[in-house]
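So the sequence lines, in the order shown, correspond to chains A and B. Residues in the first sequence are numbered from 0 upward in steps of one, following numbering that gives the first Met the number 0. Residues in the second sequence are numbered from 0 upward in steps of one, following numbering that gives the first Met the number 0. Glycine included, every Cβ here is placed at the ideal spot set by N, Cα and C. Nothing here was measured: the structure is a model prediction, and the numbers come from that model. Written out below as structure tokens is the structure these notes cover.
Protein chains: 2
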Amino acid sequence: MQTLETIGQLVRRLRKEQGLPLRKIAAKLDLDPSTLSKIERGDRFPSKELVNRMAQAFDIDERELLILYHSEKIANDLYREDYCVEVLEVAEQRIDYIRQKNIVQKKLF
Amino acid sequence: MQTLETIGQLVRRLRKEQGLPLRKIAAKLDLDPSTLSKIERGDRFPSKELVNRMAQAFDIDERELLILYHSEKIANDLYREDYCVEVLEVAEQRIDYIRQKNIVQKKLF
DNA sequence: ATTTTGTGGGCAAAATATGTCCAAATTTTT
DNA sequence: AAAAATTTGGACATATTTTGCCCACAAAAT
């Protein structure tokens, strides 16, 4: 996994490594070529379902791709705000807290 | 700011500290009381516009509230996934990268 | 008993997400 | 240079989600 590629960049790279035209991969993904083009260029964001299909089509670990997917979404939402580092920290605390709560509930159950 | 309150919990706490009924704050926020009830209880997520209005209505730092808002949204999306810590790390790297890119562009400009 | 306060459910409108279609632009091949 | 292949741009439609209201009812307070 190249450093900080977007999903689109990754897909284009893998596609080119396979020497296949966009239309062929689009067909494999059951997607219109025009849409794939937009996704590769970053003009559109892929759906989660499509990201899963991409993992299969390219035989990549789904988990890795979902990490890219989610992180890209967050970064796109936040990069303009001057408080984004704080947001990420608080988000992490919240997740820990929710997780903790669930563990406690499981124990009581 | 209490540790890891949700926005809804914060609003309810502040409202009760003011000793006002839900309907009164809802009116101040230009919002239906039923909707505010749902937000306070965590059954609905507030819009960003509403979060800004809340900051004004309660005279809180808007930035603080937006940090809560964003972090809560992220946590809600991610807490179920077993890779959420990685996502947050990668998101931070992406944001740094985007920021770096913008700085470089500014320099060249 | 009455009034006040908070909640549940259903709904509609607005906003956003998602993908297709088709033509045009660009690139590659002949 | 021309033809074929590939990629892209734009408009559009549909699906989904977001957002808040309305209204009746439940719960709490008076």
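Taking 8 angstroms as the upper bound for CB-CB distance, A/R62 and B/S70 are not in contact here, some 23 angstroms apart. Judged by DSSP in its simplified three-state form, A/I38 adopts helix. The straight-line gap separating the alpha-carbon atoms of B/R11 and B/I38 is approximately 9 angstroms. If only complete runs of 4 or more residues are kept, the region 8 to 39 of chain B shows the alpha helix (DSSP H) at 21 to 27 and 32 to 39, in order along the chain.
By the Cβ criterion, the region 83 to 90 of chain A is in contact with the region 69 to 88 of chain B, since at least three pairs of Cβ atoms, one from each stretch, lie closer than 8 angstroms. In this model, B/K47 and A/V84 are separated by some 19 angstroms (Cα to Cα). Chain A places a beta carbon closer than 8 angstroms to that of B/L87, counting this residue as a contact. Assignment of B/D76 by DSSP, reduced to helix, strand and coil, places it in the helix class. Residue contact with chain A for B/Q55: absent (no Cβ-Cβ distance below 8 angstroms to any residue of chain A). For A/L3, the residues of chain B that pass the 7 angstroms Cβ criterion are Q92, R93 and Y96, in the order they occur in the chain. Secondary structure of A/S70 (DSSP, three-state): helix.
At a cut-off of 8 angstroms between beta carbons, A/R62 contacts chain B.
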